[in-house]
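Right, one structure below, let's go through it.
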Amino acid sequence: MKLKGKKILLGVTGGIAAYKSAALLRLLQKQGAEVRVVMTPSATRFVTPLTFSSLSKCPVYTQDGGTEARPYQHIDFPRWADLYLVVPCTANTLGKMANGIADDPVSLCFMSCLGDKWIAPAMNTAMFLSPAVQRNLACLRGFPQVHILESPSGKLACGEEGPGRVAEPAVIIQALLDAPEKNKSTPTFAKKVLITAGRTEEAIDPVRYISNRSSGKTAAALAFAFQESGFAVTVVQGPMEATLPVGVDSVAVKSALEMHREVLNRASEYDVLIHAAAVADYRPKIVSSEKIKDSRSHLVLELDPNPNILQDSVAAKHPGQIIVGFALETEDAARHALEKWQKSGADLLVLNTPVALGSGFGFDNVSYALISKENTAPELQMGSKESLAREVVSFALSSLGGKK
Ligand SMILES: Cc1cc2nc3c(=O)[nH]c(=O)nc-3n(C[C@H](O)[C@H](O)[C@H](O)COP(=O)(O)O)c2cc1C
80 MKLKGKKILL
90 GVTGGIAAYK
100 SAALLRLLQK
110 QGAEVRVVMT
120 PSATRFVTPL
130 TFSSLSKCPV
140 YTQDGGTEAR
150 PYQHIDFPRW
160 ADLYLVVPCT
170 ANTLGKMANG
180 IADDPVSLCF
190 MSCLGDKWIA
200 PAMNTAMFLS
210 PAVQRNLACL
220 RGFPQVHILE
230 SPSGKLACGE
240 EGPGRVAEPA
250 VIIQALLDAP
260 EKNKSTPTFA
270 KKVLITAGRT
280 EEAIDPVRYI
290 SNRSSGKTAA
300 ALAFAFQESG
310 FAVTVVQGPM
320 EATLPVGVDS
330 VAVKSALEMH
340 REVLNRASEY
350 DVLIHAAAVA
360 DYRPKIVSSE
370 KIKDSRSHLV
380 LELDPNPNIL
390 QDSVAAKHPG
400 QIIVGFALET
410 EDAARHALEK
420 WQKSGADLLV
430 LNTPVALGSG
440 FGFDNVSYAL
450 ISKENTAPEL
460 QMGSKESLAR
470 EVVSFALSSL
480 GGKK
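Take a look at the structure:
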């Protein structure tokens, strides 16, 4: 992208590398960008706001900078900007951004910014490699319009050596110059995903039904992962034990016919459809209105096929919509799943098998493989339902054109 004429908001947090932000500001100005600065209270202990207000020729937005006079700085600063750079970004601020905490100017601007956000994490190696920071980084990588700049290895200010250094100002400038141009007037608002979850129950009589062992855990992990990536999530859910994350819109159904109706009625409104529910293939031809009496004699249940929700939603698919199917196979899994993917017309088919010990129904782990036009030679791998969900989210994001 061109930096000439760009309005850039520079967020500075309380790391030892904060002094480098002044050099970055000057380089951005040299490229013809207009820069304003926002600082956390900790950052003001490392470099004074006066340094940045003098260089930017504009008041710096700080925690104690007169909220009465300018009550909407947390909206006005990011709205003014074409993009938001947070350099350096501390472990603390990274954690706030990943978890929706907005209690200082830098994290507040991150949340209210509609444009692209570029983050340069900088910290001690042990902090950088800690599980919390790595999880927060992985989480932020999944956010729309967020770009994480590499924290290279080298000698750190604390004397230790390893990854966690702040990206050099010149490297940041180059990364911005290499990035594609984006039109700020068309911010990316949340995309919508519809997920089917749980199992269906096919009534035999008022008290009995045919069903399966699906727990809904995979669908709940998917709902969580999509929500975390900024999607508005709707779940059409059959009976299930797993709990959906707060904030998900859910529609409860029992039978395959109800699930078919609820999904097909609303499918066109969604960018992504995920068919994760274990829908019964058949339902009793006749549902007895009274409990079937126990005669202990031979009883034959005649079954009718249920509609194929995946197939019907593929037939009604709109351009640009991404459809993901699930296939549970128990023998010759890869071959059967490949055939199912080819026949279904889905963009992605997730093959899963419950045969491995300690995986599948009700367990946290699952043996799975993803089949798409990029991968037609599926190899089953054992992983958590969360990692399966994250892979599906990455596929959806890259197919929708939001790949970072
Ligand atoms: C001398 C000194 C250097 C520090 N350097 C860093 C750093 O490079 N990265 C980091 O994540 N935290 C660093 N910290 C800790 C942060 O200042 C601390 O977590 C603070 O709460 C961050 O606040 P902020 O994220 O609101 O700016 C440092 C602290 C001190 C005293």
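If you want my numbering, it's the position in the sequence shown, counting the first as 1, plus 79.
Backbone N, C-alpha and C fix where the C-beta goes; we use that ideal spot for every residue, glycine too.
These numbers come from a predicted model, not from an experiment.
Assumed close pair residue i, residue j - CB separation to whole angstroms, cut-off 8 Å
i	j	result
A112	P167	The pair is not a contact, with the Cβ atoms about 19 Å apart (cut-off 8 Å).
L467	V429	7 Å
D183	T119	5 Å
V116	L89	5 Å
G277	P210	31 Å between Cβ atoms; not a contact.
A236	I353	The Cβ separation is near 45 Å, so there is no contact.
N454	A359	Actually they are not in contact, since the Cβ atoms of N454 and A359 sit about 29 Å apart, beyond 8 Å.
L107	I87	6 Å
S132	V126	Not a contact, Cβ separation roughly 11 Å.
Beta-bridge partners of residue i, as assigned by DSSP
i	result
Y361	P384
V445	G462
C168	P200
V117	G90 and Y140
Q316	A276 and A331
I450	L428
Y163	L88 and K196
L407	N431
H354	T275 and G404
Candidates the options: closest to residue i by CA position
i	options	result
N178	A217, D161, D143 and L301	A217
R287	V393, R362, A475 and N431	R362
S477	V351, E410 and W420	V351
P157	I274, R375, P223 and C188	C188
A304	R292, N203, S290 and K271	K271
N387	I353, R292, D411 and H339	H339
G462	A456, E470 and T455	E470
T92	S392, Q108, T141 and S473	T141
V342	L193, D391, Y447 and V379	D391
N203	P285, G238, A254 and V139	G238
E465	Q152, A346, Q316 and A300	A300
T123	V379, K370, V185 and I87	V185
I365	E418, P285 and K234	P285
V472	T409, T279, P433 and V403	V403
E320	T169, A475, D155 and F442	F442
G480	V165, S347, V312 and Q224	Q224
Y151	C192, N385 and V314	C192
L407	L134, F310, R220 and N431	N431
T169	E410, S121, K419 and S294	S121
Ligand 1 heavy atom lying under 8 Å from the CB of residue i
i	result
G93	yes
K175	yes
M206	yes
P167	yes
D121	Rather than Asp, the amino acid found at residue 121 in this sequence is Ser. True, at least one ligand heavy atom lies under 8 Å from that Cβ.
A298	no
D183	yes
N203	yes
N178	no
A170	yes
A199	no
A236	yes
A413	no
A356	no
A96	yes
Residue i Cβ short of 8 Å to ligand 2 heavy atom set
i	result
L88	Judged by which ligands are present, ligand 2 is missing from the structure shown, whose ligands are ligand 1.
Exercise. Are three or more beta carbon pairs between the region 318-336 and the region 238-258 nearer than 8 Å?
Worked result: Three or more beta-carbon pairs separated by less than 8 Å are not found between the region 318-336 and the region 238-258, which leaves the two stretches without contact.
For this session: Evaluate contact between the region 225-240 and the region 197-205, counting only Cβ atoms and requiring at least three cross-stretch pairs below 8 Å.
Result: In the pairwise beta carbon analysis, the region 225-240 is classified as touching the region 197-205: at least three pairs are separated by under 8 Å.
Exercise. Can at least three beta-carbon pairs, one atom from the region 326-341 and one from the region 301-316, be found at a separation below 8 Å?
Worked result: Touching, yes, given that three or more Cβ pairs across the two stretches are closer than 8 Å.
Exercise. Contact between the region 391-405 and the region 365-376: three or more CB pairs below 8 Å?
Worked result: Under the three-pair Cβ rule at 8 Å, the region 391-405 does not count as touching the region 365-376.
For this session: Pair every Cβ in the region 160-174 with every Cβ in the region 131-146, then say whether three or more of these pairs are closer than 8 Å.
Result: Counting Cβ pairs under 8 Å, fewer than three are found: no touch.
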